[in-house]
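J.: Sharing a structure below in structure tokens format, with a few things to ask.
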Amino acid sequence: MATHPPKLKTAITANERLQHLKNTFETKYGESPHFYACAPGRVNLIGEHIDYCGYSVLPMAIEPNILAAVSVNKSGTITLANTNPQYKDFTVSCSEDIAIDRDNPNWHYYFLCGVKGIQEKCGIAHLAGMSCVVDGTIPPSSGLSSSSALVCCAGLVTMEANQKSLSKVALAEICAKSERYIGTEGGGMDQSISFLAERGTAKLIEFQPLRATDVKLPDGAVFVISNCCMEMNKAASSHFNIRVVECRIATKMLAQAQGLDSSRFMKLVQVQMELKASLEEMLALVGEVLHPEPYSREEICKVLGVTSEQFSTELLSANTQHVKHFKLHQRAKHVYGEAARVLRFKSVCDSEPAESVQLLGDLMNQSHASCRDLYECSCPELDQLVDICLKSGAVGSRLTGAGWGGCAVSMVPDEKVESFLQAVSEAYYLPDPRRAAMEKQSLFVSKPAGGAAIFLDE
1 MATHPPKLKT
11 AITANERLQH
21 LKNTFETKYG
31 ESPHFYACAP
41 GRVNLIGEHI
51 DYCGYSVLPM
61 AIEPNILAAV
71 SVNKSGTITL
81 ANTNPQYKDF
91 TVSCSEDIAI
101 DRDNPNWHYY
111 FLCGVKGIQE
121 KCGIAHLAGM
131 SCVVDGTIPP
141 SSGLSSSSAL
151 VCCAGLVTME
161 ANQKSLSKVA
171 LAEICAKSER
181 YIGTEGGGMD
191 QSISFLAERG
201 TAKLIEFQPL
211 RATDVKLPDG
221 AVFVISNCCM
231 EMNKAASSHF
241 NIRVVECRIA
251 TKMLAQAQGL
261 DSSRFMKLVQ
271 VQMELKASLE
281 EMLALVGEVL
291 HPEPYSREEI
301 CKVLGVTSEQ
311 FSTELLSANT
321 QHVKHFKLHQ
331 RAKHVYGEAA
341 RVLRFKSVCD
351 SEPAESVQLL
361 GDLMNQSHAS
371 CRDLYECSCP
381 ELDQLVDICL
391 KSGAVGSRLT
401 GAGWGGCAVS
411 MVPDEKVESF
421 LQAVSEAYYL
431 PDPRRAAMEK
441 QSLFVSKPAG
451 GAAIFLDE
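For the sequence shown, counting from 1, position 270 maps to 270 in UniProt numbering; every step adds exactly one.
Laid out in structure tokens, this is it:
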């Protein structure tokens, strides 16, 4: 795999979307773009809510992406526009410190996360002026990584405009870190697959150090994405960060119970590594140490020997200060169980047994049940959609992405794809006028796409 994002010469006139973006850019700015950058969305096949706990995940990039047309200038400003009129123009001075408003997660702040990340990593005192038009085909708040793809696209744009050279791994790590400026405490999966993806293969993404390994998906089945049409903005709600915090607290409680210095541990994987335990042994430990009833702040402080002030400043994030009770047993049980399912999923893909499609489908179904019951990150619409997908011929179906809305991913045997699409359409989309209007971009077969790239006009 090439270490740096590719720069591809392409005939803009031969690509309808690029040509339309070029025309929009020229109409707005009165000049042609100097280059284009794209970053794909992703669908996570298995491994939900475990990247920020340090565990491996198994996503693939998808064709829907974020595309930007860019010109570089000496204006001293970065001007952003979007082909979607609901996203307003924004201009920021290159000479000012870039400020990200966490309380108001508008689209341009995600772009500026990417800009700020590259500026800080590369030590760029004076950013190049840029004019940009952004075009996105990833449905927002759908669990397909529209926000992270925008951050990644912006990081790639900023690197190129300022004549820097960074590897895919470095870009992924910078963009994962910089997206936290908007307040989301993600683990890095979305940015990693956006840069490290390769057409035709899913990837096992491992962390510390970050690396991606090809995973050949089985012949005889395809993955179908379906959007439940309920949106959940991670940065605008606290659901996501509450789960991050619960895992952080569970980490410390497990470490403390094993006689370890809990202040040294922040991620569930770190406790497993320190104990040299298997995932199965960690699941047993969760059962022994963490009670199923929610923990109060007072009980946690007492066990860890910390004050209420330390608890708030060292364990909670800005938008989780209001939380009073924490389900540590359930969250840790999901994480260790899901981490084991990821490894089994890859093992089945690698060994290619005759019944691989059914085995993978079973793992996906177990994953959804764990997300729904232990991690509580599903919603009634997603559960209904997953149920319909299974009844329509999928061997496995699960929520994908953060949850609380967004998409399901289903594994469907080749010979059932057409009947599956028809059945899901009739059972989930057509009875509801709002869903019916969104069906075209909400129900589609997805194959592994390539990673982020820069395009130059031939």
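Note that the Cβ used here is the ideal one computed from N, Cα and C, for glycine as well.
Below 7 Å CB to CB, which residues in the same chain sit around residue 541 once its five sequence neighbours on both sides are set aside?
T.: The structure shown does not extend to residue 541, since the chain is modelled only from 1 to 458, so the question has no answer here.
J.: For the alpha helix (DSSP H) containing E338, name the first residue and the last one.
T.: Here the alpha helix (DSSP H) through E338 covers L328 to S351.
J.: Short check: CB of M411 to CB of G396, under 9 Å?
T.: Going by C-beta atoms, M411 is nearer than 9 Å to G396.
J.: Count Cβ pairs between the segment 264-275 and the segment 235-253 that sit closer than 8 Å; are there 3 or more?
T.: At 8 Å Cβ cutoff, the stretches touch.
J.: Rounded C-beta distance between V342 and G155? I'm assuming under 8 Å.
T.: Going by Cβ atoms, the distance from V342 to G155 rounds to 26 Å, so no, they are not a contact pair.
J.: Under the three-state reduction of DSSP, which class applies to C132: helix, strand or coil?
T.: Reduced to three states, the DSSP call for C132 is strand.
J.: Locate the beta strand (DSSP E) running through Y36, then write down its first and last residues.
T.: Here the beta strand (DSSP E) through Y36 covers F35 to I46.
J.: I need the straight-line Cα distance from N104 to L171, nearest angstrom please.
T.: Straight-line Cα distance between these residues: approximately 25 Å.
J.: S194 and A61: beta carbons closer than 9 Å?
T.: It is a contact, given that the beta carbons lie within the stated cut-off.
J.: Can you tell me the Cα-Cα spacing of E314 and L21, whole angstroms?
T.: E314 and L21: Cα-Cα distance of roughly 45 Å.
J.: What number of angstroms, rounded off, separates the C-alpha of A255 from the C-alpha of N241?
T.: One C-alpha to the other measures close to 21 Å.
J.: Is G117 helix, strand or coil when you go by DSSP?
T.: Of the three classes helix, strand and coil, the one that applies to G117 here is helix, per DSSP.
J.: Less than 9 Å between the C-beta atoms of L80 and C132, yes or no?
T.: Yes, the Cβ-Cβ distance between L80 and C132 is below 9 Å.
J.: Could you give the first and the last residue of the continuous alpha helix (DSSP H) run that contains A369?
T.: Its alpha helix (DSSP H) spans residues S356 to D373.
J.: Are the segment 322-333 and the segment 353-360 touching, with three or more C-beta to C-beta distances below 8 Å?
T.: No: fewer than three Cβ pairs fall under 8 Å.
J.: Are the CB atoms of N84 and L127 within a distance shorter than 9 Å?
T.: Taking 9 Å as the Cβ cut-off, L127 and N84 do not qualify as a contacting pair.
J.: Along the beta strand (DSSP E) that carries D214, what are the first and last residues, could you check?
T.: Run containing D214: R211 to V215, per the beta strand (DSSP E) assignment.
J.: In three-state terms, what does DSSP make of P433?
T.: P433: helix per DSSP, three-state reduction.
J.: Would you call the CB atoms of residue 470 and K164 closer than 9 Å?
T.: The chain is shown from 1 up to 458; residue 470 falls before or after that span and cannot be answered.
J.: For the segment 195-208 against the segment 448-456, do three or more pairs of beta-carbon atoms, one drawn from each stretch, fall closer than 8 Å, so that the two count as touching?
T.: Flag = yes, the segment 195-208 and the segment 448-456 touch.
J.: Exposed or buried, what is H325 when buried is set at 16 or more other beta-carbons lying within 10 Å of its beta-carbon?
T.: So H325 ends up on the exposed side.
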